[in-house]
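In the numbering used here, each residue's number is its place in the sequence shown (first place is 1) plus 69. For each residue, glycine too, the CB sits at the ideal point set by N, CA and C. No experiment lies behind these values; they were computed from the predicted model shown. Data first, discussion second: the structure below is written as structure tokens.
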Amino acid sequence: MTASTTHCWKKRQPFDRLWARVVQHLRLYVLVALGLLSAGGVWADTPVDLQGLKVERVDGAVTVSANLHFDLPLPLEEALLKGVSLYFVTEVDISRERWYFYDKRVAHAERHVRLFYMPLTRRWRVNVSPRPFNAGGLGMSLAQSYDTVDEAMSAVRRIAQWPVAQVSDVDMDAKQNISVSFKLDLSQLPRPLQIGAAGQSEWNLNLNKSMRLVLEPGR
70 MTASTTHCWK KRQPFDRLWA RVVQHLRLYV LVALGLLSAG GVWADTPVDL QGLKVERVDG
130 AVTVSANLHF DLPLPLEEAL LKGVSLYFVT EVDISRERWY FYDKRVAHAE RHVRLFYMPL
190 TRRWRVNVSP RPFNAGGLGM SLAQSYDTVD EAMSAVRRIA QWPVAQVSDV DMDAKQNISV
250 SFKLDLSQLP RPLQIGAAGQ SEWNLNLNKS MRLVLEPGR
């Protein structure tokens with residue numbers, strides 16, 4: 070009887086070790102979430118401003134250049150230092166006005182940016198992709214490393230000649246508008262942070278801006 074019990078216990082050891090690791094990781098995420106989110110509270114919403122927007126024709130494409138002006142709140146920087154990646158999304162829509170119906174969207178583009186800290190090298194890394202990183206975007210992203218968080222954030226904020234449409238998609242004789250949106254993508258955070266960050270103002274980085282499309286001649 071004793072031998073049979075010992076044999077059963079040995080079989081369960083790998084499962085017990087795996088479960089212990091899962092519990093340990095969950096506890097770590099919860100502690101990180103509680104520590105980071107409780108540090109906020111007193112922060113106001115983080116303002117985001119779109120500066121220097123330029124829409125050009127470049128080699129048959131419609132490109133967008135701009136600077137997203139905002140400061141990185143302290144809780145977000147602390148999250149990065151504790152191993153949490155941050156994801157930012159910029160979206161552009163070009164629509165044609167129609168007096169008889171809703172405006173028609175003629176172009177849509179997305180720019181996904183992942184920012185994270187590498188503690189072994191003490192460097193910051195930025196990935197840029199046209200697709201969400203949880204949908205395979207990391208494999209098709211451009212990556213660059215930086216020595217400081219300020220240098221990395223400059224890359225996050227700066228948009229340079231980003232192709233958002235083909236010139237053939239844009240009717241130059243029609244009235245058209247361009248809409249630019251930017252946000253911190255909470256959906257790609259670890260689940261405990263998603264739950265708590267939704268009610269924390271310093272995690273609320275959002276911009277929505279629309280204007281008449283003025284297409285400047287490029288090259």
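Could you pull out every residue in the same chain whose Cβ sits closer than 6 angstroms to the Cβ of residue i, ignoring the five residues on either side in sequence?
i	result
Val158	His181, Lys252, Asp254
Val124	Val133, Leu284
Phe185	Ser154, Arg194
Give the DSSP-derived three-state secondary structure of residue i in the structure shown.
i	result
Asn203	helix
Arg180	strand
Arg167	coil
Quick one: residues in its chain with C-beta nearer than 7 angstroms to the C-beta of residue i, no 5 flanking neighbours on either side, listed in chain order?
i	result
Gln93	Legend: pLDDT at Gln93 = 48, less than 50; position of this residue unreliable, value from coordinates given subsequently. Excluding residues within five positions, none has a Cβ falling inside 7 angstroms.
Where residue i and residue j are concerned, what is the direct C-alpha to C-alpha distance, given to the nearest angstrom?
i	j	result
Pro142	Arg183	16 angstroms
Gly121	Pro259	34 angstroms
Ser248	Arg174	10 angstroms
Leu262	Ser237	43 angstroms
Glu166	Asn275	25 angstroms
Val117	Trp272	12 angstroms
Leu150	Ser279	35 angstroms
May I ask which residues mark the beginning and end of the beta strand (DSSP E) holding residue i?
i	result
Val218	Counting along the chain, Val218 falls outside any beta strand (DSSP E), though it belongs to the alpha helix (DSSP H) covering 218-226.
Ala212	211-215
Leu276	275-281
Ala130	130-138
Ser198	192-198
Using a 10 Å radius around the Cβ and a threshold of 16 neighbouring Cβ atoms, would you call residue i buried or exposed?
i	result
Thr132	buried
Ser198	buried
Gln257	buried
Ala212	exposed
Should residue i be listed as close to the ligand FMN, given that the test is whether its C-beta is under 7 angstroms from any heavy atom?
i	result
Asn275	This structure simply doesn't include the ligand FMN, nor any ligand for that matter.
Within its chain, find whatever has a CB closer than 8 angstroms to the CB of residue i; leave out the 5 residues flanking it on each side and keep chain order.
i	result
Ala229	Ser134
Met222	Leu141, Leu184
What residue range does the alpha helix (DSSP H) around residue i cover?
i	result
Leu284	Segment: none, Leu284 is in no alpha helix (DSSP H) and carries neither H nor E.
Leu143	143-150
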